Amino acid sequence: SKLAVTSGEALIDSIATLIASARQNARFRVGTPAITAEGTPPIPLAHPALLAPYARALLGACHRRHQRGARTFAATGSSRATSWLALLAVAGRGLSVLGAPLPTTLPASTTTSIDFAAQGYTGTIPTQLGLITGATYFDLASNTLTGSIPSQLGRLTKIESGGSTSGHGLFRSNQLSGTLPTELGCWSAMSTRFTLDGNYFSGSIPSELGLMTSLEYAFYLPDQDFSHTIPSELGLMTGMTEYLLLENNKLTGTVPTELGNMVVLNAYFEFNSNSLTGKVPTELGNLRSISKDFFLSQNSFTGNVPSELGQRN
(Lines of atoms letter the chains of each structure in order from A; the text may use other names.)
(Lines give C-alpha, C1' and ligand atoms only; values in the text may rest on other atoms or scores of the structure.)
Protein backbone atom coordinates (compact mmCIF):
# COMPACT_ATOMS: atom_id res chain seq x y z
CA SER A 71 0.00 0.00 0.00
CA LYS A 72 1.07 3.56 -0.58
CA LEU A 73 2.77 5.22 2.38
CA ALA A 74 1.50 8.62 3.47
CA VAL A 75 4.13 10.97 4.85
CA THR A 76 3.12 13.10 7.83
CA SER A 77 3.96 16.82 7.71
CA GLY A 78 5.66 16.46 4.34
CA GLU A 79 6.97 20.01 4.13
CA ALA A 80 8.62 19.75 7.54
CA LEU A 81 10.11 16.37 6.65
CA ILE A 82 11.61 17.71 3.44
CA ASP A 83 13.10 20.69 5.22
CA SER A 84 14.62 18.45 7.87
CA ILE A 85 16.23 16.15 5.31
CA ALA A 86 17.51 19.04 3.23
CA THR A 87 19.04 20.66 6.30
CA LEU A 88 20.65 17.41 7.36
CA ILE A 89 22.14 16.76 3.93
CA ALA A 90 23.41 20.32 3.62
CA SER A 91 25.04 20.08 7.03
CA ALA A 92 26.61 16.77 6.12
CA ARG A 93 28.07 18.19 2.93
CA GLN A 94 29.63 21.11 4.76
CA ASN A 95 30.83 19.48 7.96
CA ALA A 96 31.63 15.82 7.37
CA ARG A 97 32.32 13.16 4.79
CA PHE A 98 29.93 10.31 5.42
CA ARG A 99 30.95 6.70 5.09
CA VAL A 100 27.94 4.53 4.40
CA GLY A 101 27.70 0.91 5.40
CA THR A 102 25.26 -1.60 6.80
CA PRO A 103 24.02 -1.45 9.47
CA ALA A 104 25.69 1.80 10.53
CA ILE A 105 26.41 5.28 9.25
CA THR A 106 29.35 7.23 10.60
CA ALA A 107 30.83 10.67 10.14
CA GLU A 108 34.55 11.12 10.47
CA GLY A 109 35.44 12.09 14.01
CA THR A 110 32.13 10.95 15.50
CA PRO A 111 30.89 7.65 16.96
CA PRO A 112 28.92 5.38 14.64
CA ILE A 113 25.13 5.64 14.73
CA PRO A 114 23.66 2.12 14.47
CA LEU A 115 20.61 1.70 12.26
CA ALA A 116 19.43 -1.90 12.48
CA HIS A 117 17.02 -3.66 10.14
CA PRO A 118 17.51 -1.51 7.03
CA ALA A 119 15.05 -3.65 5.08
CA LEU A 120 12.32 -2.77 7.59
CA LEU A 121 13.09 0.94 7.63
CA ALA A 122 13.84 1.35 3.92
CA PRO A 123 10.21 2.29 3.08
CA TYR A 124 10.61 5.33 5.34
CA ALA A 125 13.53 6.58 3.32
CA ARG A 126 11.86 5.85 -0.02
CA ALA A 127 8.73 7.71 0.98
CA LEU A 128 10.69 10.71 2.21
CA LEU A 129 12.91 10.82 -0.84
CA GLY A 130 9.86 10.52 -3.07
CA ALA A 131 8.37 13.56 -1.39
CA CYS A 132 11.66 15.41 -1.86
CA HIS A 133 11.69 14.53 -5.54
CA ARG A 134 8.13 15.71 -6.09
CA ARG A 135 8.86 19.00 -4.40
CA HIS A 136 12.00 19.40 -6.48
CA GLN A 137 9.94 18.82 -9.63
CA ARG A 138 7.64 21.68 -8.62
CA GLY A 139 10.62 23.96 -8.19
CA ALA A 140 9.90 24.68 -4.55
CA ARG A 141 13.37 23.63 -3.44
CA THR A 142 16.54 22.52 -5.10
CA PHE A 143 19.21 20.64 -3.31
CA ALA A 144 21.75 17.99 -4.21
CA ALA A 145 23.40 15.45 -1.99
CA THR A 146 26.88 14.24 -2.67
CA GLY A 147 27.62 10.55 -2.83
CA SER A 148 25.52 7.68 -4.06
CA SER A 149 21.75 7.34 -3.97
CA ARG A 150 22.32 4.74 -1.28
CA ALA A 151 24.02 7.39 0.85
CA THR A 152 21.08 9.73 0.33
CA SER A 153 18.70 6.97 1.44
CA TRP A 154 20.68 6.43 4.61
CA LEU A 155 20.64 10.16 5.34
CA ALA A 156 16.89 10.21 4.99
CA LEU A 157 16.66 7.17 7.21
CA LEU A 158 18.86 8.90 9.78
CA ALA A 159 16.43 11.82 9.78
CA VAL A 160 13.60 9.44 10.61
CA ALA A 161 15.39 7.60 13.39
CA GLY A 162 17.15 10.57 14.93
CA ARG A 163 14.40 13.16 14.76
CA GLY A 164 11.40 10.98 15.58
CA LEU A 165 9.81 11.60 12.18
CA SER A 166 7.37 8.98 11.00
CA VAL A 167 5.46 7.46 8.15
CA LEU A 168 1.80 6.81 8.87
CA GLY A 169 1.12 3.17 9.66
CA ALA A 170 4.78 2.28 10.15
CA PRO A 171 6.26 0.43 13.13
CA LEU A 172 8.43 2.21 15.65
CA PRO A 173 12.16 2.30 14.79
CA THR A 174 14.05 -0.44 16.56
CA THR A 175 17.29 1.49 16.98
CA LEU A 176 18.34 4.97 18.04
CA PRO A 177 21.84 6.19 18.92
CA ALA A 178 21.83 4.70 22.40
CA SER A 179 24.90 6.54 23.63
CA THR A 180 23.53 10.02 22.94
CA THR A 181 19.74 9.81 22.96
CA THR A 182 18.07 11.40 26.00
CA SER A 183 14.57 11.73 24.55
CA ILE A 184 12.38 8.92 23.21
CA ASP A 185 9.51 10.95 21.78
CA PHE A 186 7.23 9.32 19.21
CA ALA A 187 3.94 10.77 20.46
CA ALA A 188 1.07 11.32 18.01
CA GLN A 189 2.90 10.22 14.88
CA GLY A 190 0.69 7.43 13.56
CA TYR A 191 2.83 4.48 14.59
CA THR A 192 1.38 0.97 14.68
CA GLY A 193 2.59 -2.45 15.78
CA THR A 194 4.22 -3.40 19.04
CA ILE A 195 6.72 -1.53 21.21
CA PRO A 196 10.24 -2.73 20.26
CA THR A 197 12.17 -4.35 23.07
CA GLN A 198 15.26 -2.60 21.68
CA LEU A 199 14.08 0.69 23.18
CA GLY A 200 15.23 -0.74 26.49
CA LEU A 201 18.82 -0.34 25.29
CA ILE A 202 18.58 3.46 25.26
CA THR A 203 19.53 3.68 28.90
CA GLY A 204 20.49 7.35 28.82
CA ALA A 205 16.95 8.47 28.04
CA THR A 206 15.28 10.81 30.52
CA TYR A 207 12.11 11.52 28.49
CA PHE A 208 9.73 8.85 27.18
CA ASP A 209 6.48 9.46 25.29
CA LEU A 210 4.73 7.00 22.95
CA ALA A 211 1.24 8.41 23.50
CA SER A 212 -1.50 8.88 20.91
CA ASN A 213 -0.50 6.27 18.36
CA THR A 214 -2.09 2.89 17.54
CA LEU A 215 0.41 0.65 19.29
CA THR A 216 -0.70 -2.85 20.27
CA GLY A 217 0.55 -5.70 22.42
CA SER A 218 2.05 -5.42 25.88
CA ILE A 219 4.70 -3.17 27.41
CA PRO A 220 8.08 -4.94 27.12
CA SER A 221 9.74 -5.71 30.43
CA GLN A 222 13.02 -4.51 28.89
CA LEU A 223 11.82 -0.91 29.31
CA GLY A 224 12.58 -1.33 32.99
CA ARG A 225 16.24 -0.76 32.07
CA LEU A 226 15.47 2.91 31.41
CA THR A 227 16.19 3.87 34.98
CA LYS A 228 16.95 7.51 34.16
CA ILE A 229 13.46 8.32 32.87
CA GLU A 230 12.21 11.48 34.55
CA SER A 231 9.26 12.51 32.41
CA GLY A 232 6.53 10.57 30.65
CA GLY A 233 5.47 13.41 28.38
CA SER A 234 4.80 17.08 27.91
CA THR A 235 1.89 19.22 29.05
CA SER A 236 0.29 19.19 25.60
CA GLY A 237 -2.06 16.29 26.33
CA HIS A 238 0.27 13.43 25.54
CA GLY A 239 1.91 11.22 28.11
CA LEU A 240 3.86 7.99 28.24
CA PHE A 241 1.61 5.18 26.88
CA ARG A 242 -1.81 6.84 26.91
CA SER A 243 -4.24 6.63 23.98
CA ASN A 244 -2.97 3.54 22.21
CA GLN A 245 -4.34 -0.02 22.01
CA LEU A 246 -1.94 -1.66 24.43
CA SER A 247 -3.06 -4.60 26.53
CA GLY A 248 -1.89 -7.28 28.93
CA THR A 249 -0.38 -6.89 32.38
CA LEU A 250 2.06 -4.23 33.48
CA PRO A 251 5.65 -5.44 33.85
CA THR A 252 6.95 -5.22 37.38
CA GLU A 253 10.19 -3.86 35.93
CA LEU A 254 8.58 -0.44 35.49
CA GLY A 255 9.13 -0.02 39.20
CA CYS A 256 12.79 0.57 38.34
CA TRP A 257 11.82 4.02 37.02
CA SER A 258 12.68 5.51 40.40
CA ALA A 259 13.75 8.84 38.86
CA MET A 260 10.38 9.45 37.20
CA SER A 261 8.74 12.64 38.45
CA THR A 262 5.92 13.35 36.02
CA ARG A 263 3.23 11.61 33.97
CA PHE A 264 2.95 7.91 34.56
CA THR A 265 -0.11 7.87 32.30
CA LEU A 266 -1.69 4.68 30.93
CA ASP A 267 -5.28 5.65 30.15
CA GLY A 268 -6.85 4.93 26.77
CA ASN A 269 -5.60 1.34 26.60
CA TYR A 270 -6.77 -2.15 27.62
CA PHE A 271 -4.49 -3.16 30.48
CA SER A 272 -5.55 -5.87 32.90
CA GLY A 273 -4.32 -7.89 35.85
CA SER A 274 -2.89 -6.58 39.09
CA ILE A 275 -1.29 -3.18 39.60
CA PRO A 276 2.31 -4.20 40.41
CA SER A 277 3.36 -3.33 43.94
CA GLU A 278 6.77 -2.43 42.50
CA LEU A 279 5.27 0.76 41.03
CA GLY A 280 5.37 2.17 44.54
CA LEU A 281 9.15 2.36 44.14
CA MET A 282 8.68 5.36 41.84
CA THR A 283 9.16 7.54 44.88
CA SER A 284 10.18 10.60 42.82
CA LEU A 285 6.77 10.77 41.13
CA GLU A 286 5.04 14.09 41.78
CA TYR A 287 2.53 14.50 38.97
CA ALA A 288 0.05 11.99 37.56
CA PHE A 289 -0.19 8.34 38.51
CA TYR A 290 -2.90 7.93 35.93
CA LEU A 291 -4.43 4.47 35.50
CA PRO A 292 -8.18 5.03 34.96
CA ASP A 293 -10.61 3.26 32.64
CA GLN A 294 -8.79 -0.07 32.32
CA ASP A 295 -9.43 -3.63 33.48
CA PHE A 296 -7.09 -3.66 36.47
CA SER A 297 -8.25 -6.08 39.14
CA HIS A 298 -7.22 -7.44 42.55
CA THR A 299 -6.25 -5.12 45.40
CA ILE A 300 -4.61 -1.70 45.47
CA PRO A 301 -0.96 -2.14 46.48
CA SER A 302 -0.17 -0.56 49.83
CA GLU A 303 3.26 0.30 48.39
CA LEU A 304 1.68 3.16 46.44
CA GLY A 305 1.76 5.01 49.76
CA LEU A 306 5.53 5.31 49.32
CA MET A 307 4.98 7.96 46.64
CA THR A 308 4.75 10.69 49.24
CA GLY A 309 5.71 13.46 46.82
CA MET A 310 2.55 13.12 44.72
CA THR A 311 0.82 16.47 44.23
CA GLU A 312 -1.86 15.81 41.59
CA TYR A 313 -3.74 13.00 39.85
CA LEU A 314 -3.86 9.74 41.75
CA LEU A 315 -6.42 8.17 39.44
CA LEU A 316 -7.57 4.54 39.58
CA GLU A 317 -11.25 5.00 38.78
CA ASN A 318 -13.34 2.80 36.52
CA ASN A 319 -11.40 -0.43 36.92
CA LYS A 320 -12.23 -3.73 38.62
CA LEU A 321 -10.22 -3.24 41.78
CA THR A 322 -11.26 -5.11 44.91
CA GLY A 323 -10.41 -5.18 48.58
CA THR A 324 -9.91 -2.21 50.87
CA VAL A 325 -8.25 1.17 50.36
CA PRO A 326 -4.75 0.92 51.87
CA THR A 327 -4.22 3.05 54.94
CA GLU A 328 -0.74 3.89 53.61
CA LEU A 329 -2.27 6.22 51.04
CA GLY A 330 -2.78 8.64 53.89
CA ASN A 331 0.97 9.34 53.68
CA MET A 332 0.46 11.36 50.50
CA VAL A 333 0.00 14.53 52.51
CA VAL A 334 1.07 16.92 49.70
CA LEU A 335 -1.57 15.62 47.29
CA ASN A 336 -3.68 18.67 46.45
CA ALA A 337 -5.96 17.56 43.61
CA TYR A 338 -7.64 14.50 42.09
CA PHE A 339 -7.91 11.44 44.32
CA GLU A 340 -10.27 9.32 42.24
CA PHE A 341 -11.03 5.69 43.13
CA ASN A 342 -14.68 5.67 42.08
CA SER A 343 -16.35 2.98 39.95
CA ASN A 344 -14.49 -0.08 41.21
CA SER A 345 -15.48 -2.97 43.49
CA LEU A 346 -13.75 -1.76 46.65
CA THR A 347 -15.07 -2.88 50.02
CA GLY A 348 -14.55 -2.45 53.74
CA LYS A 349 -14.30 0.78 55.67
CA VAL A 350 -12.88 4.02 54.32
CA PRO A 351 -9.62 4.43 56.26
CA THR A 352 -9.45 7.32 58.66
CA GLU A 353 -5.88 7.96 57.46
CA LEU A 354 -7.31 9.55 54.31
CA GLY A 355 -8.11 12.48 56.54
CA ASN A 356 -4.40 13.34 56.30
CA LEU A 357 -4.97 14.40 52.70
CA ARG A 358 -6.07 17.84 53.83
CA SER A 359 -4.72 19.78 50.86
CA ILE A 360 -6.98 18.19 48.25
CA SER A 361 -9.03 20.95 46.64
CA LYS A 362 -10.42 19.08 43.61
CA ASP A 363 -12.14 15.72 43.12
CA PHE A 364 -11.99 13.38 46.09
CA PHE A 365 -14.05 10.52 44.64
CA LEU A 366 -14.90 7.17 46.27
CA SER A 367 -18.39 6.67 44.86
CA GLN A 368 -19.75 3.57 43.12
CA ASN A 369 -17.96 1.07 45.32
CA SER A 370 -19.23 -1.18 48.13
CA PHE A 371 -17.84 0.48 51.23
CA THR A 372 -19.36 -0.20 54.63
CA GLY A 373 -19.43 1.61 57.95
CA ASN A 374 -19.51 5.33 58.64
CA VAL A 375 -17.84 8.08 56.71
CA PRO A 376 -14.77 8.96 58.82
CA SER A 377 -15.06 12.32 60.53
CA GLU A 378 -11.39 12.85 59.72
CA LEU A 379 -12.33 13.49 56.09
CA GLY A 380 -13.95 16.72 57.22
CA GLN A 381 -10.57 18.07 58.28
CA ARG A 382 -9.48 18.77 54.75
CA ASN A 383 -8.24 22.33 54.15
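Just so you know, we're using the numbering used here here: the sequence shown kicks off at 71 and counts up by one. Glycine included, each C-beta is placed from N, C-alpha and C at the ideal position. Owing to the predicted nature of the structure, the values given are computational and were not obtained by experimental measurement.
Query, Result
"In or out: N384 buried (at least 16 other Cβ within 10 Å) or exposed?", "Only positions 71 to 383 of the chain appear in the structure, and residue 384 is not among them; the question remains open."
"Under a three-way DSSP split, which group does E328 fall into?", "helix"
"If you run the structure through DSSP and keep just helix, strand and coil, what is L281?", "helix"
"Does the Cβ of S377 have 16 or more other Cβ atoms within 10 Å, making it buried, or fewer, making it exposed?", "exposed"
"Name the one or two DSSP bridge partners that I184 has.", "F208"
"Between the Cα of L206 and the Cα atoms of A170, A259, K349 and P301, which residue gives the shortest distance?", "It should be pointed out that residue 206 corresponds to Thr in this sequence rather than to Leu. The residue with the shortest Cα to Cα distance from T206 is A259."
"Which term fits T265, buried or exposed, when burial requires 16 or more other beta carbons within 10 angstroms of its beta carbon?", "buried"
"What are the boundary residues of the beta strand (DSSP E) that K320 is part of?", "K320 to G323"
"For the beta strand (DSSP E) containing T392, list its first residue and its last residue.", "The question about residue 392 has no answer here: the residues shown for the chain are numbered 71 through 383."
"Exposed or buried, V350, counting other C-beta atoms within 10 Å across all chains shown (16 or more means buried)?", "buried"
"Report the option in S277, F271 and T216 whose CA atom is closest to the CA atom of D293.", "F271"
"Quick one: is V375 buried, meaning 16 or more other Cβ sit within 10 Å of its Cβ, or exposed?", "exposed"
"Since D384 sits in a beta bridge, which residues does DSSP pair it with?", "The structure shown does not extend to residue 384, since the chain is modelled only from 71 through 383, so no value can be given for it."
"Quick check on this structure: which residue in L335, L254, G309 and D295 has the alpha carbon closest to the alpha carbon of K320?", "D295"
"Out of T372, Y290 and L316, which one is the CA nearest neighbour of S297?", "L316"
"What is the C-beta distance between L215 and T192, in whole angstroms, given that I count them as a contact (C-beta under 8 angstroms)?", "7 angstroms"
"Taking N244 as the reference, give the member of L335, L210, F289 and P326 with the closest Cα.", "L210"
"Can you check which of these residues, S212, G380, Q198 and T203, is closest to Q189 by C-alpha distance?", "S212"
"Return helix, strand or coil for R225, following the three-state DSSP convention.", "helix"
"Using a 10 Å radius around the Cβ and a threshold of 16 neighbouring Cβ atoms, would you call G373 buried or exposed?", "exposed"
"Identify the continuous beta strand (DSSP E) that holds A259 and give its terminal residues.", "Run containing A259: none; DSSP gives neither H nor E here."
"I think G248 touches G239, with their Cβ atoms under 8 angstroms apart; what is that distance to the nearest whole Å?", "In fact, because the Cβ distance is near 19 angstroms, the residues do not count as touching under 8 angstroms."
"Please name the residue in E340, L223 and T311 whose C-alpha comes closest to that of V325.", "E340"
"Note down, in chain order, each residue of its chain lying with its Cβ closer than 6 angstroms to the Cβ of T262, except the 5 sequence neighbours on either side.", "S231 and Y287"
"I'd like the span of the beta strand (DSSP E) that includes E312, first residue to last.", "E312 to L315"
"My output table needs one value for S16: the three-state DSSP class, helix, strand or coil.", "Missing from the structure shown is residue 16; the chain here goes from 71 to 383 and no further."
"According to DSSP, which residues form a beta bridge with P171?", "T192"
"Report the option in S302, T311 and S234 whose CA atom is closest to the CA atom of F186.", "S234"
"Look up G309 in the DSSP assignment and say whether it is helix, strand or coil.", "coil"
"Looking at the unbroken beta strand (DSSP E) that takes in Q245, where does it start and where does it end?", "Q245 to G248"
"Figure out for me which residue from T299, S179, L279 and T182 has the closest Cα to the Cα of G224.", "L279"
"Considering only their Cβ atoms, is the gap separating F365 from N344 smaller than 7 angstroms?", "no"
"Locate the beta strand (DSSP E) running through A178, then write down its first and last residues.", "Run containing A178: none; DSSP gives neither H nor E here."
"Which two residues bound the contiguous beta strand (DSSP E) that contains L346?", "S345 to G348"
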